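*Asks:* Residue numbers (this note's numbering): 14 to 87.
Think of the CB as a built atom: it goes at the ideal place given N, C-alpha and C, for glycine as much as any other residue.
Note that the structure is a prediction, hence the values are computed from the model and not measured.
Following this message is one structure expressed as C-alpha cells.
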C-alpha cells in the first residue's frame with residue numbers, strides 16, 4: 014500500500030514542475046527581456062528544480078522501504 018505522504022510528494026513534485034515549465038515558457042515568449050522576465054525565468058527554474066528534488070527524495074524513500082521489506086522477509 015502506498016503511503017499518502019509519497020503520493021502527496023509525487024503530486025506536489027508534478028505540480029511544481031508543471032507550474033515552473035508553464036511560467037518559463039510564458040516568460041520566454043515575452044516581447045522584451047528585462048529584469049522582471051529574468052527573475053521570472055529564474056524563479057521558474059527554481060520551481061522545476063525543487064519539484065525534481067522532491068520527486069527524487071520520494072522515489073529514494075520508496076525504494077528504501079522496498080529494500081527493507083524484502084530484507085525483513087528473508
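If you compare alpha carbons, which of 50, 39, 38 and 62 is closest to residue 27?
*Replies:* The shortest Cα separation from residue 27 among 50, 39, 38 and 62 belongs to 62.
*Asks:* Got a sec, what are the start and stop residues for the alpha helix (DSSP H) residue 77 sits in?
*Replies:* Per DSSP, residue 77 belongs to the alpha helix (DSSP H) from 48-86.
*Asks:* Figure out for me which residue from 23, 81, 48 and 34 has the closest Cα to the Cα of residue 60.
*Replies:* When only C-alpha atoms are compared, the closest one is 34.
*Asks:* Hey, out of 73, 39, 31 and 25, whose CA is closest to residue 54's CA?
*Replies:* Ranking the options by Cα distance to residue 54, first place goes to 39.
*Asks:* Residue 29: buried (16+ other C-beta within 10 angstroms of its C-beta) or exposed?
*Replies:* Buried, since its Cβ has 16 or more Cβ neighbours within 10 Å.
*Asks:* Taking buried to mean at least 16 other C-beta atoms within 10 Å of its own C-beta, is residue 52 buried or exposed?
*Replies:* Answer is exposed; the Cβ neighbour count stays below 16.
*Asks:* Let's test the definition: count the other Cβ atoms within 10 Å of the Cβ of residue 24 and tell me whether it reaches 16, buried, or not, exposed.
*Replies:* Label assigned to residue 24: exposed.
*Asks:* Identify which residue in 31, 82 and 20 has its Cα closest to the Cα of residue 57.
*Replies:* When each option's Cα is compared against that of residue 57, the closest is 31.
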